[in-house]
Amino acid sequence: MRKTSDGAIRYVRMSHYGDTYDRGVRIDLSGTAVDSRPAIGARADGNIYVAYTSKDPLDQGAPNNEQLCVRTSPDNGATWTAGYHVRTNEAHNHANPRFGRSDNGSLLLTYEDYASGHSEVYFREVAAGGWSGEIIASEGDATPGYCPSVCGFAANDYAIAYQQGDGNSSIIRVARYQSGAWTRATIVAAAAGHTNSYPDIVTWAGDRLCVVWNDFDGANSQAWERRFVLGSWVVAQKLYDANAMSHSGVRACTGSVIKACRASATGVSAVTSGADTSLMTGIAPFVSPRTLAWASDGTRSYLAVASDTGASGQVFLKRTDLVAPAGTIRVNGAASTVGGDNVYVKDNFTLSFPDVLDDWNVTGTYGSDLFTNGVTSIRLKYANDPTAAPGEWTDLPTDPDISAEIANAPWTCTAKVGSGLPEGLWFLKGTLTDTAGNTYDAVSGRVVVDTSVPVTSLAVSGTAGSNGWLRSDATCTLDPGDENPGYTEYRLENTTTGQKDSNWTRYKGAFHLVEGKWKVTYRSVDRVGNVEGSKISVVNVDTTAPVASIMRPDKGAIQTGYYKDESFRITGTGTDSNGLSWAGIYVDGKKEYETAREGTFNMAYVWKLAGVKEEANHVITVKVKDRAGNVGAISKNVYVGNVAKDWYFAEGNTLPEFDEWLCVLNPGDEPARYTISFMLENGEVRTAERSMLAHQRDTVRVKDYVSDVHAGVSVKIHSDSQAVVAERPIYFRYKQGIDGYDWKGGHNVVGVNTLQKDWYFAEGTTRFNDGDGNQFEQWLTILNPSDNQAANVKITYMLGTGQNIEKLYQVGPHSRSTVEVAKDIGINQDVSTHVSSDISVAVERPMYFNYHNGVAFEGSNVVGATGPSTEWSFAEGCTRDGYQEWITIQNPNNVPATCNLKYYDAKGKVTSKERVVKPLSRDTVNVLHDVGDNQDVSIVVTSDVPVICERPMYYIYGMDSGKYWNGGDSTVGNSGPSTQYFLAEGTTISNFDTYYTLTNPDNVKACNVVIEYIFGDGTNLIKEYSLAPHARTTINVRDAIQKQANVSGAIWSSFPIVIERPMYFDYNNNGTTGGHAVGGYGVD
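To convert, take the position in the sequence shown, counting from 1, and add 1010; that gives my numbering.
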């Protein structure tokens, strides 16, 4: 209820204890009269009473006097009844109406009635039945009473406090009405210079009274209080005396205790003796005894202030609020409570309190000033414990900086991270403070501030090797290195195999890496969303030992007996997909050579043989270590000794049409004495002694020692101490005098220095008068040099058709047997042969032929191969006009053999072809079909299973020079290239052409070669050559030595090569033409 500046009386209805209100309703009776001093009272039944003074006549009375008017609302101010006068004495004025309440619920009204010269105090009770009659509370016209205030204990028990007198004579009186009887008391007596005025009286504690009033001393207003306790008035107390105003509008209010308040120039304060509490600030109360109104509903106190604040004055309301506000915190829009889920942040985040509620503002809507907002501020702090003591909380930094306090709704701000809120686990607290000063701590759940990206580490476990390698499968674990891990992921790349992950794999536990060089790329993302940059670690795993290889010796023996200071160059290496770190060569367990320098693992060690135990086995070992520390080793048992002191030749005869020779080479530094044993077909043995100088070649005509005719003459050569090399050329007119034969020619073989139980022949045929006009007669000659033991021999013929035929023979001691193959298998068969014996023997395969109906008449002979091999090399080969070259492949296995043939020409071109040979059979390759014509070629045959290879050739030699020497030869392949060769036969005499063909199998390196040409007179000639990579080189011996002579050869190369010596002839210049070829005798 308020009076406005236009003289109108307006009523504002409020609800919920005053924190919501309607727009003001004008309730005075006229817009023309001057209305003032409104007062309002309410009953519990909803009736509202408004009393005010007005000059409105209301159809009665003169308008010049102030009449007391009342308007009533039966429904809490929703509707109003017509106005009426409470007192209509038109000759009197009425002023200062005030309502009070009785403890029994009655509404009391008191007011002034004054006329000329006097003023009286009246009061009335408003009960359920209506108004009671007027009662004069003051003492009569002679004692004027002003500014009354009323309260009551029960029916007919009321108390009225009023000011009696003016100025220095004013006193405060209390009149108590009890069942028609009055008692009066002076609360404060008159005092010089003091004006006591505007008392306010309330009941408290059931039967007690309290009166407060204003005492103005001319400069300051003082607030006083006096209480009625236990039937008597206690001494008055001064509550406040420093207000430089003429009036401070002192008011009292009762609840469980008595409260008093007073106005100052800038606000309203609650006053007690010795204490002063601010109730309202920032306003300017009117300087008037009526500027304050204070009441209680029994629970809450309500304070209204008329203020000069604003253009036309305002009324402010405040009430007692004992209920703390409430609210919850939201972090980035998500509710957060203690014990709830963690909230993770890495950047500035939003902090809000969207559901702030207060007893003063239960609707959640907010007004434009702090008095209608309920909550006035939210103080922001953080700590690492939600139960931390007040002093353990720290102001929360915000962006922008608001000094850790949200001052107004909407209750939201941006918390600052990084340079503000540090990393860690925090609880946030918003302390809500309402207008009454009540506080509530809204505490969040755990807020995890994490601005750091994860720092993932990779741990690798396994068997440690060298150089950072592991020698077992690696077990890898990833640790995100973050207190708030989200997930970790990785990708793998094996640079050894090329395996590479295209997608990330989420890490779920340890993973394992097998052999290879691995790149592990990994990263982590934490719960907050911080993303780590990818890291790469290298994990090298090598669980496989390196492969050690012994390249030299490649045979099972190291030959001695040639030179005084002999040595042997041992070579070895190792391979590993990840590289080697060390390698060494051991002889008989002693380390003789080692290297740990990259690029030096192709090792060579020169083993000095002087003093080494001869005629004994020795162990050569190559050990290698890879970069991971895995060790690989290979050992080879080699026989060191003079294995070239004995030579055997199974074939030979002294028939009239045959001319057999022996060529014996002593390439060494000492003279040689040797014995020749001629073993005849009848078991007789004849011997001859011969000698040679150092570096000399000896030539022996067999008929000079066996002059009588023998169809079978095998030979053994034995040197006393010096190693020698022996060949046996034979020249013939095969079946001379028999119609259709007289096949002229010659053949040659290098002798056998180690007897064997098994011999293999890839080539062979019994074609006779076939469709191509071929006539072949094949023989096997078997020598048993044993003195007393017969040899039981089985011959297995492997036909080109795949059929196998077996035959058994017995060869007596120190004798020779001859087998005509066609009698065993029939004619017109292509055949490979395996000869096996229960004791060691020597076997050759002579063949005689009329090739292609007279193209070539001659014969060929070979010593068998001692066993299958996966690699065979041929230095010689030709497809020029007049030449037909073949490769025959014997597969003695029960599985197919896949063979690769590489052809090397003189210009370094390499041609590759593949063949598959059926099990236990023989295959024939036409070289012309593979490489074309007019080619000089060397051949290397490799197979996935061991096989035996030969190279038969048929030719008309010297067509371009008019010689037309027709013939043919066959050579068993070289299964082990060497760095040292000897060739015992060779001649450049008239009608003999001798060649050396050399193959360098290396794809990159040229090979340096030294050849010592050794003559029969003990002289020699040394020449050097360079062989181009993967090429065939041909040397014309006549051109090399520039003379006619019987000549042998000793050849040394910088690394293993293949050598053959083809020879073409017209023997004795009598039309016995042809040729023969042998592979050089490889020493190592």
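C-beta: ideal position from N, C-alpha, C; glycine also.
Worksheet item: Going by alpha carbons, who is nearest to residue 1450 out of 1494, 1517 and 1337?
Response: Position 440 of the sequence shown, counted from the start, is the residue given in the question as residue 1450. With distances taken between Cα atoms, residue 1450 lies closest to 1337.
Discussion item. For residue 1192, count the other beta carbons within 10 Å of its own beta carbon; 16 or more makes it buried, fewer makes it exposed. Which is it?
Written reply: Translated into positions along the sequence shown, residue 1192 becomes position 182. Its Cβ having fewer than 16 others within 10 Å, residue 1192 is exposed.
Worksheet item: Rounded to a whole number of angstroms, what is the C-alpha to C-alpha distance between residue 2089 and residue 1961?
Response: Counting from 1 along the sequence shown, the entry for residue 2089 is found at position 1079. Counting from 1 along the sequence shown, the entry for residue 1961 is found at position 951. The alpha-carbon atoms of residue 2089 and residue 1961 are separated by roughly 11 Å.
Worksheet item: Secondary structure at residue 2048, three-state DSSP: helix, strand or coil?
Response: Here residue 2048 refers to the residue found at position 1038 when the sequence shown is read from its first residue. The answer is helix: DSSP assigns residue 2048 an H, G or I state.
Worksheet item: Got a sec, what are the start and stop residues for the beta strand (DSSP E) residue 1229 sits in?
Response: Locating residue 1229 in the sequence shown gives position 219, counting from the first residue. No beta strand (DSSP E) holds residue 1229; DSSP gives it neither H nor E.
Fill in: Span of the beta strand (DSSP E) around residue 1872
The residue you call residue 1872 lines up with position 862 of the sequence shown. It spans 1866-1873 - the beta strand (DSSP E) in which residue 1872 sits, taken as one unbroken run.
Practice prompt. Kindly give me the distance between the Cβ atoms of residue 1762 and residue 1852, rounded to whole angstroms, as I take these residues to be in contact under 8 Å.
Written response: The residue you call residue 1762 lines up with position 752 of the sequence shown. The residue you call residue 1852 lines up with position 842 of the sequence shown. Between residue 1852 and residue 1762 the Cβ distance is about 4 Å, and since that is below 8 Å, they are a contact.
Fill in: Within the stretch 1824-1897, ranges of the beta strand (DSSP E) (whole runs, at least 3 residues)
At a cut-off of 3 residues, the continuous stretches assigned as beta strand (DSSP E) that sit fully inside the stretch 1824-1897 are 1825-1830, 1841-1861, 1866-1873 and 1879-1884.
Discussion item. Taking 8 Å as the threshold (C-beta atoms), are residue 1963 and residue 1979 in contact?
Written reply: In the sequence shown, counting from the first residue as 1, residue 1979 sits at position 969. In the sequence shown, counting from the first residue as 1, residue 1963 sits at position 953. Yes, they are a contact pair.
Practice prompt. Reducing DSSP to helix, strand and coil, say where residue 1463 ends up.
Written response: To locate residue 1463, count along the sequence shown from 1; it is residue 453. In the three-state reduction of the DSSP assignment, residue 1463 falls in the coil class.
Worksheet item: Can you give the Cα-Cα distance for residue 1375 and residue 1215, rounded to whole angstroms?
Response: Position 365 of the sequence shown, counting from 1, holds the residue named residue 1375. Position 205 of the sequence shown, counting from 1, holds the residue named residue 1215. Only weak support exists for where residue 1375 lies, its pLDDT of 46 falling under 50; the value from the coordinates is given anyway. Residue 1375 and residue 1215: Cα-Cα distance of roughly 38 Å.
Worksheet item: If you draw a straight line from the C-alpha of residue 1226 to the C-alpha of residue 1276, how long is it?
Response: Counting from 1 along the sequence shown, the entry for residue 1226 is found at position 216. Counting from 1 along the sequence shown, the entry for residue 1276 is found at position 266. Using only the alpha carbons, I get a separation of about 19 Å.
Practice prompt. For residue 2084, count neighbouring Cβ atoms within 10 angstroms of its own Cβ and tell me buried if that reaches 16, exposed if not.
Written response: Taking the sequence shown and counting its residues from 1, one reaches residue 2084 at position 1074. Under this definition residue 2084 is a buried residue.
Worksheet item: Smallest Cα separation from residue 1793: which of 1693, 1837 and 1882?
Response: On the sequence shown, residue 1793 is found 783 positions in, with the first residue counted as 1. Nearest C-alpha to residue 1793: 1693.
Practice prompt. Could you spell out where the beta strand (DSSP E) holding residue 2086 opens and where it closes?
Written response: Numbered from 1 along the sequence shown, position 1076 holds the residue referred to as residue 2086. Looking at the DSSP string, the run of the beta strand (DSSP E) that includes residue 2086 is 2082-2089.
Worksheet item: Between 1529, 1444 and 1552, which lies nearest to residue 1480 when the distance is taken from Cα to Cα?
Response: As a working mapping, residue 1480 is identified with position 470 in the sequence shown. It is 1552.
Worksheet item: In three-state terms, what does DSSP make of residue 2135?
Response: Outside the displayed span of the chain (1011 to 2094) sits residue 2135, for which this structure offers no information.
Practice prompt. Using only alpha-carbon positions, find the residue among 1951, 1036, 2022 and 2043 that is nearest to residue 2016.
Written response: Here residue 2016 is taken as the residue at index 1006 of the sequence shown, counted from 1. Closest by alpha carbon: 2043.
Item to complete: Please go through the same chain and pick out, in chain order, the residues whose beta-carbon is closer than 7 Å to the beta-carbon of residue 1704, but skip the five residues on each side of it.
Response: Counting from one through the sequence shown, the residue named residue 1704 turns up at place 694. For residue 1704, same chain residues with a beta-carbon under 7 Å away, outside a window of 5 residues either side, are 1676, 1678, 1679, 1680 and 1681 in chain order.
Discussion item. I'd like the list of long-range same chain contacts for residue 1102, defined as Cβ closer than 8 Å, with 5 residues on each side in sequence excluded.
Written reply: Taking the sequence shown and counting its residues from 1, the one referred to as residue 1102 is at position 92. 1075, 1123, 1124 and 1125, listed in sequence order.
Worksheet item: Under a three-way DSSP split, which group does residue 1070 fall into?
Response: Along the sequence shown, read from residue 1 onward, the residue named residue 1070 stands at position 60. Confidence is the limiting factor: at residue 1070 the pLDDT is only 45, short of 50, which leaves the residue's position unreliable, though a coordinate-based value still follows. Coil at residue 1070, not helix or strand.
Fill in: Reduced DSSP secondary structure (H/G/I, E/B, other) of residue 1380
Residue 1380 sits at position 370 when you count from the first residue of the sequence shown. Because the pLDDT of residue 1380 is 42, which lies under 50, any placement of that residue in the model is unreliable, and the number read from its coordinates should be weighed accordingly. In this structure, DSSP gives residue 1380 a state outside helix and strand, which the three-state scheme calls coil.
Discussion item. Quick check on the DSSP output: the alpha helix (DSSP H) that includes residue 1104 runs from which residue to which?
Written reply: As a first step, residue 1104 is located in the sequence shown; it is residue number 94 there, counting from the start. Note, residue 1104: premise wrong, no alpha helix (DSSP H); beta strand (DSSP E) at 1103-1111.
Practice prompt. Would you identify the three-state DSSP class for residue 1387, choosing helix, strand or coil?
Written response: One-based indexing of the sequence shown puts residue 1387 at position 377. Strand, per DSSP.
Worksheet item: What residue range is occupied by the uninterrupted beta strand (DSSP E) comprising residue 1728?
Response: As a working note, residue 1728 is residue 718 in the sequence shown. Segment 1723-1729, the beta strand (DSSP E) holding residue 1728.
Discussion item. If contacts are defined as beta-carbon pairs under 8 Å, then residue 1157 and residue 1112 qualify, I think. What distance do you get, rounded to the angstrom?
Written reply: Sequence index remark: in the sequence shown, residue 1157 carries index 147 (1-based). Sequence index remark: in the sequence shown, residue 1112 carries index 102 (1-based). In fact, because the Cβ distance is near 20 Å, the residues do not count as touching under 8 Å.
Discussion item. Check whether the stretch 1974-1990 and the stretch 1927-1947 are in contact - that is, three or more C-beta pairs closer than 8 Å.
Written reply: With the rule of 3 Cβ pairs closer than 8 Å, the stretch 1974-1990 does not count as touching the stretch 1927-1947.
Worksheet item: Which residues in the same chain as residue 1229 place their Cβ atom closer than 8 Å to its Cβ, once the five residues preceding and following it in sequence are excluded?
Response: Sequence index remark: in the sequence shown, residue 1229 carries index 219 (1-based). Excluding positions up to five away in sequence, the list reads 1254.
Discussion item. Check whether the stretch 1805-1812 and the stretch 1987-2002 are in contact - that is, three or more C-beta pairs closer than 8 Å.
Written reply: They do not touch, by the three-pair rule.
Discussion item. Taking the straight line between their C-alpha atoms, what separation do you get for residue 1934 and residue 1472?
Written reply: Indexing the sequence shown from 1 puts residue 1934 at position 924. Indexing the sequence shown from 1 puts residue 1472 at position 462. About 55 Å.
Item to complete: Express the C-alpha separation of residue 1327 and residue 1447 in angstroms, rounding to a whole number.
Response: Counted from its first residue, the sequence shown places residue 1447 at position 437. Counted from its first residue, the sequence shown places residue 1327 at position 317. When only Cα atoms are considered, residue 1447 and residue 1327 end up about 16 Å apart.
Worksheet item: Mapping DSSP to helix, strand and coil, what is residue 1941?
Response: Counting from 1 along the sequence shown, the entry for residue 1941 is found at position 931. Under the three-state reduction of DSSP, residue 1941 is assigned to helix.
Item to complete: Could you name the residues of the same chain whose beta carbon sits closer than 7 Å to that of residue 1987, not counting the 5 residues immediately before and after it, in chain order?
Response: Walking along the sequence shown from the start, residue 1987 turns up at place 977. Counting only residues of its own chain and dropping the five nearest sequence neighbours on each side, residue 1987 has a CB closer than 7 Å to the CB of 1883, 2011, 2066, 2067 and 2068.
Worksheet entry | Outcome for residue 1522 when other beta-carbon atoms lying within 10 angstroms are tallied against a minimum of 16 | Looking up residue 1522 in the sequence shown gives position 512. Using a 10 angstroms sphere on the CB of residue 1522, the tally of other CB atoms stays under 16, which defines it as exposed.
Discussion item. Relative to the C-alpha of residue 1458, which candidate in 1508, 1402, 1487 and 1538 has its C-alpha closest?
Written reply: Translated into the one-based positions of the sequence shown, residue 1458 becomes position 448. Residue 1458 has its Cα closest to that of 1538, out of 1508, 1402, 1487 and 1538.
Worksheet item: Leaving out the 5 sequence neighbours to the left and right, which residues in its chain are closer than 8 Å to residue 2079 when beta-carbon positions are compared?
Response: The count along the sequence shown starts at 1 and reaches residue 2079 at position 1069. Closer than 8 Å at Cβ, skipping near neighbours: 2000 and 2001.
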